[in-house]
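>
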Amino acid sequence: MTEYPIQRSADGVAPVQEPMRAGFGRGLLEAGRRDERVVALCADLTESTMMHMFRDEFPKRFVEVGIAEQNLVTVASGMARAGKVPFTSSYAAFSPGRNWEQIKTTAALNDMPVKVVGSHTGVNVGPDGATHQMLEDIALMRVMPNMTVVAPADSIEAEKATLAIAASGSPAYLRLTRDATPVFTLPETPFELGRAYVLREGTDVTIAGTGTMTYELVVAADLLEQLGIDAEVVHVPTIKPLDEQTLLASARKTGLVVTAEEAQIAGGFGGAVAELLSAQLPTRLLRLGIDDRYGESGSPRELLEAFGLTGQHLAARIEAFARGALATAGAGSASA
Amino acid sequence: MNPAPLLDVPELKAQADRTRISILEMLAAAKSGHSAGPLGMAEILTVLYFNVMKHDPADPDWSERDVFFLSNGHTAPVLYATLAHSGYFPVEELLTLRQYGSRLQGHPERTALPGLENTSGPLGSGLSQAAGYAYALQHIDDELHRFTYVAMGDGELNEGNIWEAAMFAGKYKLGRLIGIVDRNYIQIDGLTEDVMPLDDLRAKWESFGWHVLEVDGHDVAGLMSAINQAKAVAQKPSVILAYTVPGKGVPFMEYDYRWHGKPPTPEQATQAVAGIRQGAGA
Ligand SMILES: Cc1ncc(C[n+]2csc(CCOP(=O)(O)OP(=O)(O)O)c2C)c(N)n1
Ligand SMILES: [Mg+2]
Numbered sequence: 001m002t003e004y005p006i007q008r009s010a011d012g013v014a015p016v017q018e019p020m021r022a023g024f025g026r027g028l029l030e031a032g033r034r035d036e037r038v039v040a041l042c043a044d045l046t047e048s049t050m051m052h053m054f055r056d057e058f059p060k061r062f063v064e065v066g067i068a069e070q071n072l073v074t075v076a077s078g079m080a081r082a083g084k085v086p087f088t089s090s091y092a093a094f095s096p097g098r099n100w101e102q103i104k105t106t107a108a109l110n111d112m113p114v115k116v117v118g119s120h121t122g123v124n125v126g127p128d129g130a131t132h133q134m135l136e137d138i139a140l141m142r143v144m145p146n147m148t149v150v151a152p153a154d155s156i157e158a159e160k161a162t163l164a165i166a167a168s169g170s171p172a173y174l175r176l177t178r179d180a181t182p183v184f185t186l187p188e189t190p191f192e193l194g195r196a197y198v199l200r201e202g203t204d205v206t207i208a209g210t211g212t213m214t215y216e217l218v219v220a221a222d223l224l225e226q227l228g229i230d231a232e233v234v235h236v237p238t239i240k241p242l243d244e245q246t247l248l249a250s251a252r253k254t255g256l257v258v259t260a261e262e263a264q265i266a267g268g269f270g271g272a273v274a275e276l277l278s279a280q281l282p283t284r285l286l287r288l289g290i291d292d293r294y295g296e297s298g299s300p301r302e303l304l305e306a307f308g309l310t311g312q313h314l315a316a317r318i319e320a321f322a323r324g325a326l327a328t329a330g331a332g333s334a335s336a
Numbered sequence: 337m338n339p340a341p342l343l344d345v346p347e348l349k350a351q352a353d354r355t356r357i358s359i360l361e362m363l364a365a366a367k368s369g370h371s372a373g374p375l376g377m378a379e380i381l382t383v384l385y386f387n388v389m390k391h392d393p394a395d396p397d398w399s400e401r402d403v404f405f406l407s408n409g410h411t412a413p414v415l416y417a418t419l420a421h422s423g424y425f426p427v428e429e430l431l432t433l434r435q436y437g438s439r440l441q442g443h444p445e446r447t448a449l450p451g452l453e454n455t456s457g458p459l460g461s462g463l464s465q466a467a468g469y470a471y472a473l474q475h476i477d478d479e480l481h482r483f484t485y486v487a488m489g490d491g492e493l494n495e496g497n498i499w500e501a502a503m504f505a506g507k508y509k510l511g512r513l514i515g516i517v518d519r520n521y522i523q524i525d526g527l528t529e530d531v532m533p534l535d536d537l538r539a540k541w542e543s544f545g546w547h548v549l550e551v552d553g554h555d556v557a558g559l560m561s562a563i564n565q566a567k568a569v570a571q572k573p574s575v576i577l578a579y580t581v582p583g584k585g586v587p588f589m590e591y592d593y594r595w596h597g598k599p600p601t602p603e604q605a606t607q608a609v610a611g612i613r614q615g616a617g618a
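So the sequence lines, in the order shown, correspond to chains B and C. Every letter in the first sequence is one number past the one before it in my numbering, and letter 119, counting from 1, is 119. Just so we're on the same page, my numbering is the position in the second sequence counted from 1, plus 336.
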């Protein structure tokens with residue numbers, strides 16, 4: 001197991017909270033300093049998506065396209081053809097929500113290193129409601145050949161992911177959140193595109209999270225331990241390409257897998273893991289996330305509770321699943 | 337049958353003030369949401385729902401009604417306040433805006449609240465929906481006596497989808513389709529002419545085959561007469577460029593684009609409401 005340091009205070013709570021988009025803003029500025037080919041384009045949401053730090057330092061390399069998301073990514077594709085490394089940002093509901101075909105044809109199929117940055121994903125968007133809570137983006141983006149899909153766990157990882165996709169030479173989608181979320185990784189915590197990380201070793205059940213859900217799973221693992229369940233926590237920031245080896249090794253060890261994401265489980269991260277396991281290592285699987293409905297207005301925390309996605313709710317749902325699976329396995333009726 | 341009250345000019349002005357007060361109170365209670373656009377659109381929505389449109393708050397799906405689509409869905413507070421004051425739902429419910437479990441979602445959801453014709457928030461799609469509705473009435477069902485209205489933001493006109501709809505409505509001569517642009521010259525990143533210049537807006541719409549009217553968006557009599565002129569033009573769709581002041585009625589918000597997407601604090605709301613009451617009494 002790779003060393004995977006995380007920070008938590010004595011009571012187990014992450015010491016600070018920060019929106020992931022802030023990490024993106026810092027990462028983009030640093031990417032711009034490292035590589036002069038990096039340019040940034042925005043669709044009337046420059047401060048909301050935290051591109052303003054880059055804009056202020058590199059005004060010549062920042063482009064305002066107005067409220068026009070289809071134009072945003074297609075202009076970026078043209079700039080990429082001219083040798084630039086364009087970062088585009090909007091709320092994920094609009095990019096890639098509105099301009100999916102343009103991304104497919106002009107960035108992915110055309111193989112241009114356009115970076116699509118979708119802030120405001122998940123129910124974390126809160127009171128703006130369902131139209132603005134992007135839940136389908138993981139499914140939409142991971143079915144696109146050539147595309148890299150990254151959902152960082154916190155703002156520090158978002159910063160690293162921004163630098164990694166800036167240097168990757170490929171089209172990429174970066175999934176961010178609007179509201180502050182717990183910051184539990186550290187500057188020295190490893191991050192590489194395409195890699196999943198085991199945060200906590202365990203033997204009873206693999207609990208794999210992406211994005212904001214990884215922290216909630218860390219909390220859930222503590223609660224599960226008190227309940228006598230030894231969970232292995234796997235963090236999967238890159239959903240495509242998926243680190244199959246790490247996930248399969250863990251599934252082989254525990255025989256029971258749970259996925260968690262702040263997104264539709266159909267076609268999402270849970271969908272990706274279901275495809276992997278059913279093809280290569282049939283394993284009992286519970287997918288936690290948003291299950292075939294839209295979000296609604298409310299505070300981010302209220303909504304996570306309503307959808308059963310806080311550490312406590314996750315622990316209860318994982319416990320019920322694990323006990324049920326052990327009972328059927330004990331009765332010899334079904335193999336794991 | 338049209339139980340919705342018909343107000344005259346002084347009554348319309350008073351209603352626009354009541355709508356503004358509700359907008360401020362609901363935004364302060366919600367602690368998030370958009371102030372500038374909704375405040376600027378109070379007269380437009382008031383004239384539509386309290387004078388021009390045929391509609392029945394007791395029967396939101398009345399088959400004889402005129403319909404209103406809100407394309408710039410972030411201005412939901414002005415629509416919610418107008419619907420409540422018209423009698424679609426209790427005025428007290430306005431204070432649930434954006435809360436968990438409320439019918440008043442942060443952006444309008446048609447299936448959540450009676451009286452809404454469309455779900456919106458993502459900009460640029462309302463004109464197409466209105467054009468589709470107007471097309472069905474005019475060219476399929478021969479219901480020529482019903483009118484379709486749609487409000488759009490000016491920044492929203494950056495979206496290509498708007499101009500696709502403009503071309504469509506021009507081609508099919510949707511003479512009973514009336515668009516109203518909230519021309520307040522602001523969007524999120526700043527002034528519209530800095531972010532993505534829109535002028536000459538009249539020439540743009542005319543070149544797409546539309547009849548264009550321009551009016552002070554706070555002059556209720558002017559709005560009524562512009563809408564009546566638009567209704568009289570049967571051979572072309574009409575668009576009314578309604579010049580408004582973002583944040584209208586609240587001196588510390590007026591003309592300042594930074595009030596696009598933030599609510600007043602409770603203290604600011606109290607101060608603003610007092611100002612509007614004073615102005616009305618004067
Ligand atoms: C497709 C889409 N892109 C971006 C946004 C984010 N957004 C909400 S309001 C707004 C500015 C709209 O400007 P305008 O229509 O002039 O409204 P005003 O600021 O005057 O209320 C933007 C960019 C959105 N809601 N939908
Ligand atoms: Mg505007």
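The beta carbon of each residue, even a glycine, is placed where N, CA and C say it ideally should be.
(1) Let me check understanding here. Comparing Cα to Cα, which of C/ALA394, C/ASN520 and C/LEU459 lies closest to B/SER90?
(2) Compare the C-beta of C/PRO413 with all C-beta atoms of chain A and state if any pair is closer than 8 Å.
(3) Can you list, in chain order, the residues of its chain whose CB lies under 7 Å from that of B/GLY270, leaving out five sequence neighbours each side?
(4) Return helix, strand or coil for C/HIS547, following the three-state DSSP convention.
(5) In this structure, what does DSSP give as the bridge partners for B/HIS235?
(6) For B/VAL149, count the other beta carbons within 10 Å of its own beta carbon; 16 or more makes it buried, fewer makes it exposed. Which is it?
(7) Would you tell me roughly how many angstroms separate the C-alpha atoms of B/LEU309 and B/SER299, rounded to the nearest one?
(8) Compute the distance between the beta-carbons of C/HIS554 and C/GLU379, then report whether it is under 8 Å.
(9) Put C/ASP353 into one of helix, strand or coil per three-state DSSP.
(10) Give me whichever residues DSSP pairs with C/ARG594 in a beta bridge.
(11) What first and last residue would you give for the beta strand (DSSP E) that runs through B/PHE62?
(12) Check each residue of the stretch 178-196 of chain B: if its Cβ is closer than 8 Å to any Cβ of chain C, include it; give the result in chain order.
(13) Examine chain B for any beta-carbon lying closer than 8 Å to the beta-carbon of C/GLN435, and answer yes or no.
(14) Who are the near neighbours of B/GLN312 in its chain, counting only those whose CB is closer than 8 Å to its CB and skipping five residues on each side?
(15) In whole angstroms, give me the CA-to-CA distance for C/LEU384 and B/PRO15.
(16) With a threshold of 8 Å between beta carbons, is C/GLU453 in contact with chain B?
(17) What do you reckon, is the C-beta of B/GLY66 under 7 Å from a heavy atom of ligand 2?
(18) Give the residues of chain B in contact with C/SER438, contact being defined as C-beta atoms less than 7 Å apart.
(19) Need the endpoints of the alpha helix (DSSP H) that B/PHE87 sits in, please.
(20) Distance, Cα to Cα, B/PRO241 vs B/PHE191?
(21) Ligand 1 and C/ILE522: does the residue's C-beta get closer than 7 Å to at least one heavy atom of that ligand?
(22) C/MET488 bridges to which residues according to DSSP?
(23) Identify which residue in B/HIS132, B/THR238 and B/THR162 has its Cα closest to the Cα of B/GLY97.
(24) Within the chosen definition, does the stretch 65-74 of chain B reach the stretch 19-35 of chain B through at least 3 CB pairs nearer than 8 Å?
(25) Taking C/HIS547 as the query, report the chain B residues whose CB atoms sit under 8 Å from its CB, ordered along the chain.
(26) On the three-pair Cβ rule with 8 Å, is the stretch 486-495 of chain C touching the stretch 459-478 of chain C?
(27) Would C/LYS367 and C/PRO599 qualify as a contact pair, given that the criterion is a beta-carbon distance under 8 Å?
(28) Quick one, which of B/GLY211, B/GLU244 and B/GLU319 has its alpha-carbon nearest B/GLN226's?
(29) Given B/MET51, which residues of its chain have a CB within under 6 Å of its CB, disregarding the five upstream and five downstream residues?
(30) Would you check if there are 3 or more beta carbon pairs closer than 8 Å linking the stretch 587-596 of chain C to the stretch 353-366 of chain C?
(31) Examine ligand 1 and report whether any of its heavy atoms sits within less than 7 Å of the Cβ of B/PRO113.
(32) Is any heavy atom in ligand 2 found nearer than 7 Å to the beta carbon of C/ASP490?
(33) Taking the Cβ atom as the reference point for each residue, do B/VAL236 and B/THR210 lie within a distance shorter than 8 Å?
(34) Using the rule of at least 16 other Cβ atoms within 10 Å of the residue's Cβ for burial, across every protein chain shown, is C/VAL609 buried or exposed?
(35) What does the alpha-carbon distance come out to for the pair B/GLU18 and C/LEU415?
(36) Does the beta-carbon of B/ARG301 have 16 or more other beta-carbons within 10 angstroms, so that it is buried, or is it exposed?
The relevant details are as follows:
(1) Start at 1 with the first residue of the first sequence, and residue 90 of chain B comes out as number 90. It is C/LEU459.
(2) Within the model displayed, chain A is absent; protein chains B and C are what it includes.
(3) Translated into positions along the first sequence, residue 270 of chain B becomes position 270. Sequence-distant Cβ neighbours of B/GLY270 in its own chain, meaning closer than 7 Å and more than five residues away, are THR259, GLU261, ARG287 and GLY289.
(4) In the second sequence, residue 547 of chain C corresponds to position 211, counting from 1. Three-state result, C/HIS547: strand.
(5) Sequence index remark: in the first sequence, residue 235 of chain B carries index 235 (1-based). B/TYR197 and B/GLY209, per the DSSP bridge assignment.
(6) Looking up residue 149 of chain B in the first sequence gives position 149. Counting the other Cβ atoms within 10 Å of the Cβ of B/VAL149 gives 16 or more, which makes it buried.
(7) Counting from 1 along the first sequence, the entry for residue 309 of chain B is found at position 309. Counting from 1 along the first sequence, the entry for residue 299 of chain B is found at position 299. Straight-line Cα distance between these residues: approximately 14 Å.
(8) Along the second sequence, read from residue 1 onward, the residue named residue 554 of chain C stands at position 218. Along the second sequence, read from residue 1 onward, the residue named residue 379 of chain C stands at position 43. At the C-beta level, C/HIS554 and C/GLU379 come within 8 Å of one another.
(9) On the second sequence, position 17 is the one that residue 353 of chain C refers to. In this structure, C/ASP353 counts as helix in the three-state DSSP scheme.
(10) For the purposes of this step, residue 594 of chain C is identified with residue 258 of the second sequence, where counting begins at 1. Per DSSP, none; premise fails for C/ARG594.
(11) As a working mapping, residue 62 of chain B is identified with position 62 in the first sequence. 62-64 is the extent of the beta strand (DSSP E) around B/PHE62.
(12) none
(13) Here residue 435 of chain C refers to the residue found at position 99 of the second sequence. Yes, C/GLN435 counts as interfacial toward chain B.
(14) Residue mapping note: residue 312 of chain B aligns to position 312 of the first sequence, counting from 1. Same-chain partners within the cutoff: VAL219, ALA220 and LEU223.
(15) As a first step, residue 384 of chain C is located in the second sequence; it is residue number 48 there, counting from the start. As a first step, residue 15 of chain B is located in the first sequence; it is residue number 15 there, counting from the start. Computed Cα separation, rounded: 52 Å.
(16) Walking along the second sequence from the start, residue 453 of chain C turns up at place 117. It does not: the Cβ of C/GLU453 has no partner Cβ on chain B nearer than 8 Å.
(17) To locate residue 66 of chain B, count along the first sequence from 1; it is residue 66. Every heavy atom of ligand 2 is 7 Å or more from the Cβ of B/GLY66, so no.
(18) Here the question's residue 438 of chain C lines up with position 102 in the second sequence. The contacting residues are SER297.
(19) Start at 1 with the first residue of the first sequence, and residue 87 of chain B comes out as number 87. B/PHE87 -> not in any alpha helix (DSSP H); beta strand (DSSP E) instead, spanning 85-91.
(20) Sequence index remark: in the first sequence, residue 241 of chain B carries index 241 (1-based). Sequence index remark: in the first sequence, residue 191 of chain B carries index 191 (1-based). Cα-Cα distance, rounded: 14 Å.
(21) In the second sequence, residue 522 of chain C corresponds to position 186, counting from 1. Yes - ligand 1 has a heavy atom lying nearer than 7 Å to the Cβ of C/ILE522.
(22) To locate residue 488 of chain C, count along the second sequence from 1; it is residue 152. Per DSSP, C/VAL517.
(23) For the purposes of this step, residue 97 of chain B is taken as the residue at position 97 of the first sequence. Answer by Cα proximity: B/HIS132.
(24) Inter-segment contact for the stretch 65-74 of chain B and the stretch 19-35 of chain B is absent: fewer than three beta-carbon pairs are separated by less than 8 Å.
(25) The residue you call residue 547 of chain C lines up with position 211 of the second sequence. Near C/HIS547 there are no residues of chain B at all, since even the closest Cβ is about 25 Å away, more than 8 Å.
(26) yes
(27) Locating residue 367 of chain C in the second sequence gives position 31, counting from the first residue. Locating residue 599 of chain C in the second sequence gives position 263, counting from the first residue. Contact: yes.
(28) Start at 1 with the first residue of the first sequence, and residue 226 of chain B comes out as number 226. Measuring from the Cα of B/GLN226, the nearest candidate turns out to be B/GLU319.
(29) Looking up residue 51 of chain B in the first sequence gives position 51. Only ALA40, CYS42 and SER89 meet the Cβ criterion.
(30) no
(31) For the purposes of this step, residue 113 of chain B is identified with residue 113 of the first sequence, where counting begins at 1. Every heavy atom of ligand 1 is 7 Å or more from the Cβ of B/PRO113, so no.
(32) As a position in the second sequence, residue 490 of chain C is number 154, starting the count at 1. Yes, the beta carbon of C/ASP490 sits closer than 7 Å to at least one heavy atom of ligand 2.
(33) Residue mapping note: residue 236 of chain B aligns to position 236 of the first sequence, counting from 1. Residue mapping note: residue 210 of chain B aligns to position 210 of the first sequence, counting from 1. Yes, these two residues count as a Cβ contact at 8 Å.
(34) Position 273 of the second sequence holds residue 609 of chain C. The residue is buried, with at least 16 neighbouring Cβ atoms inside 10 Å.
(35) For this step, residue 18 of chain B is matched to residue 18 along the first sequence. For this step, residue 415 of chain C is matched to residue 79 along the second sequence. The straight-line gap from Cα to Cα measures roughly 34 Å.
(36) Here residue 301 of chain B refers to the residue found at position 301 when the first sequence is read from its first residue. With fewer than 16 other Cβ atoms within 10 Å, it is exposed.
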